[in-house]
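Notes follow once the structure below has been shown.
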Amino acid sequence: MKIIRRPGALAPGAGTALTIGNFDGVHLGHARLFREVVRVARSSGLVPMVVTFHPHPKEFFSPHAKVARISTLRDRLLWMKHCGIEAVCVLPFDHAMASLSPEAFAREVLATQLQAKQVWVGDDFRFGAKRAGDFNTLSELGQALGFVVHDLPEVQHDGHRVSSSRVREALQAGQIDQAKAMLGHPLVYSGKIIHGKKLGRTLGFPTMNLPIAGRASALSGILAVWVHGLDDKPLPAVASLGLRPTVEESSEILLETYIPGWQGNAYGRCVSIEVTAHLRAEAKFDSLDALVEQMHRDTAQAMALLAQTHPSSLQSVR
2 MKIIRRPGAL APGAGTALTI GNFDGVHLGH ARLFREVVRV ARSSGLVPMV VTFHPHPKEF
62 FSPHAKVARI STLRDRLLWM KHCGIEAVCV LPFDHAMASL SPEAFAREVL ATQLQAKQVW
122 VGDDFRFGAK RAGDFNTLSE LGQALGFVVH DLPEVQHDGH RVSSSRVREA LQAGQIDQAK
182 AMLGHPLVYS GKIIHGKKLG RTLGFPTMNL PIAGRASALS GILAVWVHGL DDKPLPAVAS
242 LGLRPTVEES SEILLETYIP GWQGNAYGRC VSIEVTAHLR AEAKFDSLDA LVEQMHRDTA
302 QAMALLAQTH PSSLQSVR
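In the working numbering, the protein residues as written are 2 to 319.
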């Protein structure tokens, strides 16, 4: 899959079928949309593309805002690829982008730079300076500029429309199974392991540290997880996702994972950490001794739970 950060980098005459959005989590509704984009693109000789923004527009307009992310950009891209998307354009959301009129965005970005022929957006889609453009605006502009605009298909779960907001609410409540049912795939955080302060090692719980980009995470707390990518089979582990209130004051979200009995070197290696269950909320303890006692309980609970479950197969999508 091709990642495009300069829209004009497309080969002349390529032609695209594209959809626009943040697509946090890549849930069942997104997957159905992507597969429809791929179907139309392949039948029309077009490139199936997703257009997304970085940073999130809400964070651009409100510097102190924190959008609770379901997944990282890396994981979103992997699930998009799994759905058949061949190119993702990550548009920088800056002052220049925010100041484009609806007409300029449709003409300069969609029609000229991205060579759009087929475009899918939600009926609540807003675009252009001061959010002046809507679905009808884009449809009218498309007629003049040579692209057709489609509404997004709706997917329901338990009688309700599947949305990133509903997935986010489930994760914030620690309802992993409900979130996974709406996602339609395992809940996974992937990336390269970095060096940390190695405090866990001194406490008898050496952890792998995976930074989670973004200002806030929809999911936080202590988790039972499977670690993919370190061995020939997934390894059962316990993880803490959050800001580590007992040991430091930090704004960096970190996923710290302890694999009982494993003694290899994970630094610099790319792993995928699959979340199976939420054990408890993140908490601040009065002492490191109290923290260690709780870590022993968390580890025992996670191992007992994982002994009754099976990891997913991620080879086909990683």
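The beta-carbon is built from N, C-alpha and C at its ideal position, and this holds for glycine as well.
If you keep only unbroken alpha helix (DSSP H) runs of at least 4 residues inside the segment 18-106, you get 29-45, 58-62, 74-83 and 96-99.
Runs of the beta strand (DSSP E) spanning 3 or more residues and lying entirely within the segment 269-310 occur at 271-281, in chain order. For Gln144, the enclosing alpha helix (DSSP H) has its first and last residue at Phe136 to Leu146.
Each of Arg75, Pro235 and Leu184 was checked against the Cα of Ala214, and the nearest Cα belongs to Arg75. Measuring C-alpha to C-alpha distances from Arg281 to each of Ala308, Ser241, Val149 and Asp290 identifies Ser241 as the nearest.
Here Glu275 is buried: its Cβ has 16 or more other Cβ atoms, across all protein chains shown, within 10 Å. Residue state for Ser218 is assigned as strand, using DSSP reduced to three classes. In the structure shown, the three-state DSSP call for Lys181 is helix.
Under the 10 Å beta carbon count, Ala305 is surrounded by fewer than 16 other beta carbons and is classified as exposed.
Gly30 and Val163 have their alpha carbons spaced roughly 6 Å apart.
In the DSSP assignment, the residues bridged to Thr258 are Met209 and Ala240. When the alpha-carbon of Asp152 is set against those of Ala182, Leu315 and Phe35, the nearest one is in Phe35.
Cβ neighbours of Gly265 within its own chain (closer than 7 Å, five residues either side excluded): Leu231.
Leu172 and Ile71 do touch by the CB rule: their CB atoms are close to 6 Å apart, below 8 Å. The beta carbon of Trp121 sits closer than 7 Å to the beta carbons of Thr20, Leu34, Val38, His151 and Leu153 from its chain, once the five residues preceding and following it are set aside; these are given in chain order. The closest CA to that of Ala112, considering only Thr17, Gly197, Pro64 and Arg270, is found on Thr17. Distance from the CA of Gln295 to the CA of Ala180, rounded to the nearest whole angstrom, comes to 26 Å. When the alpha-carbon of Ala308 is set against those of Gly26, Ala219, Leu236 and Ser44, the nearest one is in Leu236.
Here Val51 is buried: its Cβ has 16 or more other Cβ atoms, across all protein chains shown, within 10 Å.
Secondary structure note for Gln173: it is in no beta strand (DSSP E), and the uninterrupted alpha helix (DSSP H) holding it is Ser165 to Gln173. Note that the C-beta distance between Thr258 and Thr208 is below 7 Å. Judged by beta-carbon spacing, Phe126 lies beyond the 7 Å limit of Phe106, meaning their Cβ atoms are not closer than that value. Beta-bridge partners assigned by DSSP to Phe126: none are found. By the Cβ-count criterion, Val293 is exposed, with fewer than 16 other Cβ atoms from all chains shown falling within 10 Å of its own Cβ. Residue range Leu188 to Lys193 is occupied by the beta strand (DSSP E) that includes Gly192. Listed in chain order, the non-local C-beta contacts of His186 below 7 Å within the same chain comprise Trp80, local neighbours out to five positions each way being set aside. Under the three-state reduction of DSSP output, Arg7 falls in the coil class, being neither helix nor strand.
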